[in-house]
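Just below is one structure, and these are the notes that go with it.
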Amino acid sequence: MNKFTRNIVLSVLVCALTAASMLVLPSAFGGNEKPKKADGKTLFETKCLKCHKREKFKEQASDRKGWVLTLSRMQRGTCDISDDELEALADYLAKAYGE
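Structure follows, in structure tokens:
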């Protein structure tokens with residue numbers, strides 16, 4: 127095997143090992159973990175307080191079921207929140223602004 131052929135073979139081998147490690151390493155370092163659950167307080171501060179004042183939540187105190195209904199209406203309207211975020215927000219609001 128001449129020097130040129132050996133370099134080609136080594137280059138192909140390095141590329142193959144790199145590709146294989148890209149498939150294996152993410153799972154070795156927690157790549158298969160479930161996404162972190164949304165934090166209700168952070169969502170409240172970034173999503174809710176973007177349009178509403180904190181006093182509104184104090185005045186509109188409700189239990190978790192009531193907050194789910196309110197958040198569902200907001201979700202169908204102009205509020206961009208996922209179902210998981212809605213659940214986290216309802217938990218937080220029921221604790222922080224519950225009846």
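Residue numbers for the sequence shown follow the working numbering, so the first one is 127 and each next one is one higher.
We put the CB at the ideal spot given by N, CA and C, even for glycine.
Helix or strand or just coil, what does DSSP make of L139? helix
Considering only the alpha carbon of each residue, which of A216, R199, K176 lies closest to W193? A216
So Y218 packs on K167, CB below 8 Å; how close in whole Å? 5 Å
DSSP-derived helix/strand/coil call for G192: helix
In its own chain, which residues sit with a C-beta less than 6 Å from the C-beta of S198, not counting the 5 before and 5 after it? none
When you compare only the Cα positions, how much space is there between F170 and V135? 56 Å
From the DSSP output, in three-state form, read off G224 for me. coil
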